[in-house]
Amino acid sequence: MSQSIPSGDLTIAAIQQHCSADKDTSLATSERLVRQAAKDGAQLVILQELHATLYFCQTEDTSVFELAEPIPGPTSDRLSALAAELGIVLVGSIFERRMNGVYHNTAVVIERDGGIAGLYRKMHIPDDPGFYEKFYFTPGDASFNDGRSGFTPIDTSVGRLGVLVCWDQWYPEAARLMALAGAELLIYPTAIGWDVTDDPEEQARQLEAWVTVQRGHAVANNLPVIAPNRVGTEPDPSAQSDGIRFWGNSFICGPQGEFLARADDHSETILSTTINRSRSESIRRIWPYFRDRRIDAYGDILKRVRD
Numbered sequence: 001m002s003q004s005i006p007s008g009d010l011t012i013a014a015i016q017q018h019c020s021a022d023k024d025t026s027l028a029t030s031e032r033l034v035r036q037a038a039k040d041g042a043q044l045v046i047l048q049e050l051h052a053t054l055y056f057c058q059t060e061d062t063s064v065f066e067l068a069e070p071i072p073g074p075t076s077d078r079l080s081a082l083a084a085e086l087g088i089v090l091v092g093s094i095f096e097r098r099m100n101g102v103y104h105n106t107a108v109v110i111e112r113d114g115g116i117a118g119l120y121r122k123m124h125i126p127d128d129p130g131f132y133e134k135f136y137f138t139p140g141d142a143s144f145n146d147g148r149s150g151f152t153p154i155d156t157s158v159g160r161l162g163v164l165v166c167w168d169q170w171y172p173e174a175a176r177l178m179a180l181a182g183a184e185l186l187i188y189p190t191a192i193g194w195d196v197t198d199d200p201e202e203q204a205r206q207l208e209a210w211v212t213v214q215r216g217h218a219v220a221n222n223l224p225v226i227a228p229n230r231v232g233t234e235p236d237p238s239a240q241s242d243g244i245r246f247w248g249n250s251f252i253c254g255p256q257g258e259f260l261a262r263a264d265d266h267s268e269t270i271l272s273t274t275i276n277r278s279r280s281e282s283i284r285r286i287w288p289y290f291r292d293r294r295i296d297a298y299g300d301i302l303k304r305v306r307d
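In terms of UniProt numbering, the sequence shown is residues 1 to 307.
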């Protein structure tokens with residue numbers, strides 16, 4: 001079935017915020033910034049990864065599972081009411097309790113009527129010093145019960161959203177699969193920052209790598225990318241490290257990787273821009289990467305290692 005070409009302007013806002021150990025405080029901050037974004041004209045608002053709490057994955061602690069919620073649940077209900085009140089599409093982030101012992105890092109997409117348009121459960125789960133996510137999060141399912149891929153865009157009134165989460169942003173395969181399924185935007189709610197003991201040169205290299213790889217997904221797939229990241233230094237609850245300084249630098253770029261909006265590394269920010277949804281189609285007509293893909297030659301991509 002052929003797809004219609006999305007047209008018209010769409011105003012997008014990405015929220016960059018500090019977070020609190022108190023869930024109500026963090027959600028009140030998110031709500032305040034979302035309200036302002038909507039007042040300024042945003043039709044689609046994206047919150048950062050795990051915006052309701054501090055980034056708890058710096059240590060392994062079973063008591064943290066008490067923060068998890070079902071969907072629907074208290075946080076998704078609060079986001080749904082907000083989206084319905086403001087008449088916006090809202091992308092939030094929830095530490096999801098799916099069942100006893102199965103927890104996910106989940107992006108929830110709320111329609112402008114407050115209904116849940118869809119969920120995306122983070123597929124790639126890191127396990128690095130200070131980012132012990134494998135302790136908390138089960139990876140999203142590779143396929144749903146109805147046969148759809150775990151990398152399936154979510155249809156909304158503002159377009160088909162290719163929602164991914166943080167560590168997914170380093171994997172071109174995830175972006176490509178979303179694009180092949182008709183995603184019109186690539187969205188990466190994020191919580192990433194520096195080890196505060198790293199020297200400035202290493203910090204600069206890490207930040208530049210994070211920005212560059214996502215701009216590369218925009219270029220390779222001819223799609224806008226929206227990447228909201230958190231800010232602030234959050235302590236390590238175990239006191240085994242000096243904590244993480246989240247580096248902000250949230251950005252929105254266009255389908256040629258061009259910056260449309262970019263935040264600094266320390267401020268709470270509402271990052272907003274207006275895009276023309278037909279631009280991706282125009283770019284694909286002059287840079288026809290999808291036409292020239294050699295799908296007959298890519299079989300080995302499914303191997304762990306070509307040895």
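Glycine is no exception: its CB is placed at the ideal position from the N, C-alpha and C atoms.
Measure from the alpha carbon of residue i to the alpha carbon of each residue in the options, then state which is nearest.
i, options, result
"G101", "G73, V89, I116 and F135", "F135"
"S20", "H51, A38 and E31", "H51"
"I244", "L177, P72 and D198", "D198"
"D265", "W194, R148, R304 and P288", "W194"
"Q240", "G41, T59 and V34", "T59"
"G232", "E111, E268 and S282", "E268"
"S272", "L180, A261, E234 and S282", "A261"
"E173", "N221, R78 and D40", "N221"
"Q256", "E281, T62, I270 and D236", "E281"
Counting along the chain, where does the beta strand (DSSP E) carrying residue i start and finish?
i, result
"A14", "D9 to Q16"
"S250", "It is not in any beta strand (DSSP E) - S250 carries neither H nor E in the DSSP assignment."
"T274", "T269 to N276"
"A21", "Here A21 belongs to no beta strand (DSSP E), and DSSP marks it neither H nor E."
"V163", "G159 to V163"
"M99", "V89 to M99"
"E133", "No beta strand (DSSP E) contains E133, which DSSP labels as neither H nor E."
"V227", "According to the sequence provided, residue 227 is Ala. The question's Val does not apply to it. Residues V225 to A227."
"R262", "F259 to R262"
"R121", "I116 to R121"
"E234", "V231 to E234"
"I154", "I154 to T156"
"V45", "L44 to I46"
"I187", "L185 to I187"
Given that a residue counts as buried once 16 or more other Cβ atoms are within 10 Å of its Cβ, and exposed if not, what is residue i?
i, result
"I301", "exposed"
"S2", "Residue placement at S2 cannot be trusted, given a pLDDT of 49 that sits under 50; what the coordinates show is reported in the next sentence. It is exposed - the Cβ of S2 has fewer than 16 other Cβ atoms within 10 Å."
"R121", "buried"
"V196", "exposed"
"Q43", "buried"
"R306", "exposed"
"I295", "exposed"
"R205", "exposed"
"K303", "exposed"
"residue 314", "No information on residue 314 is available, as it lies outside the stretch 1 to 307 that the chain covers here."
"P288", "exposed"
"R176", "buried"
Assuming residue i is part of the alpha helix (DSSP H), what are its boundary residues?
i, result
"H104", "Looking at the DSSP string, H104 is not in any alpha helix (DSSP H); the run it does join, the beta strand (DSSP E), is V102 to I110."
"residue 335", "Here the chain covers residues 1 to 307 and nothing more, so residue 335 does not appear."
"I301", "Segment: none, I301 is in no alpha helix (DSSP H) and carries neither H nor E."
"G193", "Where G193 is concerned, there is no enclosing alpha helix (DSSP H), although the beta strand (DSSP E) it sits in stretches over G193 to D195."
"G216", "P200 to N221"
"D77", "P74 to L86"
"L177", "P172 to L180"
"I286", "R279 to I286"
Can you list, in chain order, the residues of its chain with a C-beta nearer than 6 Å to that of residue i? Leave out the 5 residues immediately preceding and following it.
i, result
"F56", "V64"
"T274", "D9 and T11"
"Q214", "Q169, V225 and A227"
"A38", "L86 and I88"
"I125", "E133, K134, F137 and P139"
"R160", "P153, G182, A183 and E184"
Residues in its own chain within less than 7 Å of residue i by CB, not counting five upstream and five downstream?
i, result
"F131", "C57"
"A68", "F95, E96, R97 and Y103"
"R285", "none"
"V163", "V91, A107, V109, Y120, I154 and I187"
"E31", "L82"
"V158", "L10, Q43, L44 and V89"
Please go through the same chain and pick out, in chain order, the residues whose beta-carbon is closer than 8 Å to the beta-carbon of residue i, but skip the five residues on each side of it.
i, result
"D191", "Contrary to the premise, residue 191 reads as Ala rather than Asp in this sequence. Hits under 8 Å: Q48, E49, L50, Y55, C166, N229, R230 and F246."
"V211", "N249 and F251"
"P72", "S80 and I116"
"L129", "It is Pro, not Leu, that sits at residue 129 in the sequence shown. The residues are D195 and S241."
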